[in-house]
Amino acid sequence: MRRFELALPQSLDDCLKILAQHGGRARPVAGGTDLLPQMKNGVLKPALVVDLSGIARVRQIVNGTGLRIGAGVTARELEVSPAARGAYLAIAESAALVGSLQVRNLATIGGNLCNAAPSADMAPPLLALEAQMVVAGPRGERRVPIADFFTGVRKTVLAPDELLVELIVPPPGAHSGGQYLRHTPRRELDIAVVGVASQLTLADGRCTKARIALASVAPTPVRAVAAERSLEGQAVTPAAIERAATLAIEAANPISDQRGSAEFRRHLVRVLTRRTLATALQRAGA
Amino acid sequence: MAKQVLSCTVNGEPVEVLVQPYATLLDALREDLGLTGPKEGCGTGDCGACTVHVDGKVVASCLMLAMQARGRQVRTIEGLGTGDTLHPLQDAFVRHGVPQCGFCIPGVLMAAAALLEENPRPSEEEIRYGIAGNLCRCTGYTRMVTAISEAADTLASQGSAR
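In structure tokens, the structure reads:
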């Protein structure tokens, strides 16, 4: 690996000072499972790496009015968290799909999002649950809706002197259910060809809110807004699900690569949207 | 580049060692502490040959910076048995002739040990999932599963004999 200096701040304030001082030369490291491979193969060449493991605030999960997830919470912690496995099951499901156990014990939710791969498994459920990202920087803290966070392949709204601190997931409320599914050629240790998260909220037999988010079909994870609108106010019948699954394809702008052709990815969007909507409906208590 | 002082516990012993800021935990274990049981297979967290325990959890030590282990409990394959006596997992691996080339075995054993500590009587499915992060290029998985299952029985009978 290329050489670099390593800073070990013990508080968020110290970390932000270091980032403010070094800006674009520095790179924060949480679990390191995305960063280290990119430094080993020379894609990233930071002169200074700032370790976040000493900052207590980023490591907490707090379940109150909504779920607050520290950016340094590991995929494995989320996978087994009783809070996440309750009302926020799609998040726990997505965390369980990241890498191997050896990777999930290191990899963090903040790292998965800040790495900003189009295939990030934890992004679609958080988009479907409309998470807010708490970003800290030298000018204080700001909140960014996750829908505005990603700006391109491996690009986010974060400035070099800013740090993602935590995510705030609003409570989905009663009669709401969600699911995340992805397609991979093998079950373990793979990257999503397509990933889909759906979240449905019901009242009096009708859908009051539908959120559908897709991974690996555009430069960033995206919401399928037309499909969502087609469901809201309607009874979620098999025909309504089929219509929404077809409309979800409109949000996809996939490329063809070694994992799958664009045509295959559009097909998967329809199939996985249909399946996740059916499960979301069931979990919402219909 | 100034080296940094890593203080942690390795295989039950307190350790203080100077490490490069860019050293991975695997580098520190192999190069600075002489523990060459954990192997570098891929270096990118895909193969599991570098698997060690940190605070009882399996991690890919090739993806963790050495200094991120400060203040933590690290356990490698060298700390699995007692030095004189093999761990029941190692014993079962020997008796079933599991190792072929042997390169993946330290990582597989550490994954299996963590699995049995969390789930003392795993099903075959759970054993297979427990070692899913470890690749064996000799493809000797069948005997691994048999040996791990047998070691679970041995550990359970040792536990009930106490």
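One line per chain: the protein sequences are Y and A, in this order. Be aware that the first sequence starts at 3, since it is given in our numbering, and climbs by one per residue. Be aware that the second sequence starts at 549, since it is given in our numbering, and climbs by one per residue. Ideal Cβ positions, reconstructed from N, Cα and C, are used throughout, including at glycine. From a predicted model like this one, the values you see are computed outputs, not experimental measurements.
Interface residues of chain A around M3/Y at Cβ under 8 Å?
Per Cβ cutoff of 8 Å: Y570 and T572.
For the beta strand (DSSP E) holding E143/Y, just list the boundary residues, first then last.
G142 to P147 is the span of the beta strand (DSSP E), which, as asked, contains E143/Y.
Could you name the residues of the segment 99-112 of chain Y whose beta carbon sits closer than 7 Å to any beta carbon of chain A, in the order they occur along the chain?
If the cut-off is 7 Å between Cβ atoms, the segment 99-112 of chain Y has G101, S102, L103, Q104, V105, N107 and L108 near chain A.
Could you please give me the residues that DSSP links to L91/Y through a beta bridge?
Paired residue(s): none; L91/Y is not in a bridge.
With a cut-off of 8 Å, does the C-beta of Q552/A fall near any C-beta of chain Y?
Q552/A counts as touching chain Y.
I'd like the list of long-range same chain contacts for S609/A, defined as Cβ closer than 6 Å, with 5 residues on each side in sequence excluded.
Counting only Cβ-Cβ distances below 6 Å, and skipping sequence neighbours, we find L573, L574, P586, C598 and V600.
Only counting the same chain, and skipping five residues up and downstream in sequence, which positions put a Cβ closer than 8 Å to that of L664/A?
L637, P670, I696, A699, A700 and L703.
Apply the 10 Å Cβ neighbour rule to C684/A and answer buried if 16 or more other Cβ atoms are within range, or exposed otherwise.
Label assigned to C684/A: buried.
Thinking C-alpha only, which one of P84/Y, R78/Y and N114/Y is nearest A98/Y?
The shortest C-alpha separation from A98/Y is found at R78/Y.
Using 8 Å as the limit for Cβ to Cβ distance, is G596/A near chain Y?
Answer yes: the Cβ-Cβ gap between G596/A and chain Y drops below 8 Å somewhere.
Suppose you measure from the CA of S102/Y to the CA of V82/Y; what does that come to, to the nearest Å?
So the two alpha carbons sit approximately 15 Å from each other.
Taking only three categories from DSSP, how would you classify Y182/Y?
Strand, per DSSP.
Assign M658/A to one of three DSSP states: helix, strand, or coil.
Looking at M658/A - three-state DSSP - the assignment turns out to be helix.
If we call anything under 8 Å between Cβ atoms a contact, is Q181/Y one with A92/Y?
Taking 8 Å as the Cβ cut-off, Q181/Y and A92/Y qualify as a contacting pair.
Using the beta-carbon count (16 or more within 10 Å), is S555/A buried or exposed?
Exposed, by the Cβ-count rule.
Taking one C-beta from the segment 200-220 of chain Y and one from the segment 125-143 of chain Y each time, how about it: are there three or more such pairs within less than 8 Å?
Touching, yes, given that three or more Cβ pairs across the two stretches are closer than 8 Å.
List the residues that DSSP assigns as beta-bridge partners of C684/A.
Answer is none; C684/A lacks a bridge partner.
When you compare the CB of G681/A with every CB in chain Y, is at least one pair closer than 8 Å?
Output row for G681/A: interface = yes.
If we count the other Cβ atoms within 10 Å of its Cβ and call it buried at 16 or more, is D354/Y buried or exposed?
No information on residue 354/Y is available, as it lies outside the stretch 3 to 288 that chain Y covers here.
Thinking C-beta only, is G593/A closer than 8 Å to L611/A?
Cβ atoms of L611/A and G593/A: closer than 8 Å.
Looking only at C-alpha atoms, which of A237/Y, L8/Y, S218/Y and A109/Y sits nearest to I268/Y?
Residue identity differs from the one stated: residue 268/Y is Arg in this sequence, not Ile. Ranking the options by Cα distance to R268/Y, first place goes to S218/Y.
Rounded to whole angstroms, what's the CA-CA distance from T239/Y to T281/Y? Just pull it up for me.
Spanning the two alpha carbons is a distance of roughly 13 Å.
With burial defined as no fewer than 16 other Cβ atoms inside 10 Å of the residue's Cβ, what is the status of V195/Y: buried or exposed?
The residue is buried, with at least 16 neighbouring Cβ atoms inside 10 Å.
G596/A by DSSP, collapsed to three states: which one?
Coil.
Classify V290/Y: buried if its beta carbon has 16 or more other beta carbons within 10 angstroms, exposed otherwise.
Nothing can be reported for residue 290/Y, as the shown portion of chain Y is limited to 3 through 288.
Can you pull the chain Y neighbours of V558/A, defined as C-beta to C-beta under 9 Å?
Correct list: empty, because the minimum Cβ distance to chain Y is about 18 Å.
Using a Cβ-Cβ cutoff of less than 7 Å, which residues in the same chain neighbour H24/Y once the five nearest sequence positions on both sides are dropped?
Answer for H24/Y: L50, listed in chain order.
Select from the segment 184-200 of chain Y all residues with a C-beta closer than 7 Å to any C-beta belonging to chain A, and list them in chain order.
Residues E190 and L191.
Rank D53/Y, A22/Y and L279/Y by C-alpha distance to the C-alpha of F6/Y and give the top, closest one.
Of the candidates D53/Y, A22/Y and L279/Y, the one whose C-alpha sits nearest the C-alpha of F6/Y is D53/Y.
Three or more beta-carbon pairs under 8 Å between the segment 679-693 of chain A and the segment 651-662 of chain A, yes or no?
Yes: at least three Cβ pairs fall under 8 Å.
Check M135/Y in the structure and name its three-state DSSP category.
Reduced to three states, the DSSP call for M135/Y is strand.
If you measure beta-carbon to beta-carbon, which residues of the segment 574-594 of chain A are closer than 8 Å to chain Y?
Correct list: G591, T592, G593 and D594.
Could you confirm whether any beta carbon from chain A is found closer than 8 Å to the beta carbon of E7/Y?
Yes, E7/Y lies at the interface with chain A (some Cβ there is under 8 Å from its Cβ).
Once you ignore the five residues that flank N559/A on each side, which residues in its own chain have a CB closer than 7 Å to its CB?
So the list reads R623, T624, E626 and G627, once near-sequence residues are dropped.
Would you decide whether V137/Y is buried or exposed? Buried here means 16 or more other CB atoms lie within 10 Å of its CB.
Burial call: buried.
Counting only Cβ-Cβ distances shorter than 7 Å, please list the residues of the segment 39-68 of chain Y near chain A, keeping chain order.
Going along the segment 39-68 of chain Y in chain order, one finds P39, K42, D53 and S55 with a Cβ nearer than 7 Å to chain A.
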